[in-house]
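The sequence shown begins at 1 in the UniProt record's numbering and counts up by one. Every residue gets a Cβ at the ideal spot worked out from N, C-alpha and C, and that includes glycine.
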Amino acid sequence: METTVSKQPTVPRTQLGKTGVLLVNLGTPDSPSVPDVRKYLREFLMDGRVIDIPFIPRFLLVNGIIAPFRAPKSAKVYKEVWTENGSPLKYYGEVVERELQKTLGDAYVVKLAMRYQSPSLDAGLTAFQRLGLTDIIVIPFFPQYASATTGSVYEKVMDIVKSWQIIPRIEFVNSFLDHPKFIEGFVQLGRKHMAAYDYEHFIFSYHGLPERQIRKGDITGQVCRLGDCCSSLHAMNQYCYRAQCFETTRRLVRDLGIPEGSYTTCFQSRLGNDPWIKPYTEDTIKELAKKGVKSVLAFSPAFVADCLETTIEVGEEYKELFEEHGGEHWQLVESLNDSPIWIETLADLVKSKTVVS
């Protein structure tokens with residue numbers, strides 16, 4: 001009697017038992033052309049966690065005003081930051097993907113994805129699904145948690161996998177602002193510049209958010225005052241983006257040995273007329289220059305790879321603003337990019353989320 005043998009799934013034996021590691025950064029246009037920048041802006045700004053207003057007014061705002069008018073201006077700036085390797089944010093992500101794969105070894109499959117544009121989250125997760133991976137670790141490249149960044153990655157990942165017949169075990173890295181190697185990476189970069197010049201003041205500039213998004217995160221309605229409530233990180237504000245930024249600064253200042261009164265935490269990249277979290281970096285720069293401060297070393301510890309917000313906004317535009325108001329020496333501290341200590345940080349984060357069988 002002939003026995004019928006059912007076909008087994010065509011999952012390569014070498015992939016069984018491996019863990020998928022999805023590295024997720026914000027995203028970048030496919031090119032600095034106006035159509036590609038417009039496409040990127042539309043996808044990015046139509047995210048309800050980025051512009052948190054109802055769909056119809058958001059659609060009209062993004063597609064009727066922001067994308068059409070901002071795309072040509074943004075395309076010019078993207079051309080400035082573009083390199084022979086393309087977008088630096090994507091290029092460094094690809095290098096980190098390769099280096100982390102080497103570091104972790106054959107027990108892992110490492111993929112880079114972008115929250116917006118390519119390589120997409122859908123493509124990365126589908127690749128893991130086809131390999132039959134049942135353990136996935138997602139690492140958003142945002143040191144401090146915010147609904148508009150890390151929260152958006154969470155939502156998109158869950159939206160993709162919810163239709164899968166078999167939903168894998170998924171671990172998310174919520175934030176890593178307190179990881180010793182992440183802090184040490186920026187400390188090493190800061191010391192290099194501090195050894196070359198005697199700076200009077202130090203700015204720690206983080207990406208801004210509308211105040212309403214910070215208040216929404218305070219479900220008690222009793223903690224957030226957008227002021228001295230961020231003077232320490234504790235159980236009640238541990239997921240507050242602004243509080244996490246101030247905590248990042250405190251850790252960097254401590255390890256760099258920067259004296260009290262010689263540094264400022266501030267926030268950049270405002271959009272629209274609604275109030276954003278303060279103090280604003282632009283106002284801080286003007287005030288410092290007016291007080292006679294002549295030299296500033298600027299950190300951007302909300303970004304792990306060089307991009308528009310670091311290279312152009314902090315490195316060039318704020319430098320011009322500082323000099324325009326009387327400042328003389330402005331220096332940007334580069335991002336972690338593809339540095340060995342950044343690869344070590346990621347490897348630690350992966351291993352801390354890995355299930356030991």
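By alpha-carbon distance to residue 256, the top candidate from 25, 132 and 194 is 194. Membership of residue 330 in any alpha helix (DSSP H) is not indicated; the residue belongs instead to the beta strand (DSSP E) covering 329-332. Following the DSSP letters along the chain, one finds residue 162 in no alpha helix (DSSP H), marked with neither H nor E.
The DSSP assignment places 135-140, 169-172 and 201-207 as complete runs of the beta strand (DSSP E) inside the stretch 130-216, in order along the chain (cut-off: 3 residues). In this structure, 188 is the residue among 272, 188 and 218 with its C-alpha nearest to the C-alpha of residue 299. Taking 8 Å as the cut-off, the beta carbon of residue 321 is found no closer than this to the beta carbon of residue 287.
A straight line joining the alpha-carbon of residue 263 with that of residue 249 spans about 9 Å. In the three-state scheme derived from DSSP, where H, G and I count as helix and E and B as strand, residue 59 is classed as helix.
Residue environment: residue 106 is assigned as exposed (fewer than 16 neighbouring CB atoms within 10 Å of its CB, all protein chains considered). One Cα belongs to residue 314, the other to residue 55, and the distance between them is close to 32 Å. Under DSSP, the beta-bridge partners assigned to residue 21 are 110 and 137. Taking the Cα positions, residue 302 is about 11 Å away from residue 175.
When the alpha-carbon of residue 38 is set against those of 26, 83 and 68, the nearest one is in 68. A direct Cα-to-Cα measurement between residue 241 and residue 272 gives close to 20 Å. Residue 298 sits in a strand when the DSSP states are folded into three classes.
In terms of Cβ geometry, residue 157 and residue 166 do not form a close pair [threshold 8 Å]. Counting other Cβ atoms within 10 Å of its Cβ, residue 146 reaches 16 or more and is therefore classed as buried.
According to the DSSP assignment, residue 263 belongs to the beta strand (DSSP E) that extends over 263-268. In this structure, DSSP gives residue 82 a state outside helix and strand, which the three-state scheme calls coil. Where residue 336 is concerned, there is no enclosing alpha helix (DSSP H), because DSSP gives it neither an H nor an E. Under the three-state reduction of DSSP output, residue 352 falls in the helix class. Sorting 342, 100, 116 and 206 by C-alpha distance to the C-alpha of residue 21 places 100 at the top.
In the structure shown, residue 315 falls within a helical segment according to DSSP collapsed to helix, strand and coil. Nearest C-alpha to residue 36 among 66, 65, 71 and 50: 71. Annotated three-state conformation of residue 64 is helix, per DSSP.
Closest in alpha carbon position to residue 179, among 113, 351, 345 and 355, is 345.
Boundaries of the alpha helix (DSSP H) harbouring residue 104: 88-104, taken from the DSSP string. An exposed status is given to residue 292, since fewer than 16 other beta-carbon atoms sit within 10 Å of its beta-carbon. Where residue 244 is concerned, the enclosing alpha helix (DSSP H) starts and stops at 241-256. Rounded to whole angstroms, the gap between the alpha carbons of residue 260 and residue 177 is 21 Å.
A contact is defined here as three or more CB-CB pairs under 8 Å, and the stretch 85-92 meets this definition with respect to the stretch 26-34. Counted as a single uninterrupted DSSP element, the alpha helix (DSSP H) harbouring residue 42 occupies residues 34-45. Assignment of beta-bridge partners to residue 27 by DSSP yields 116.
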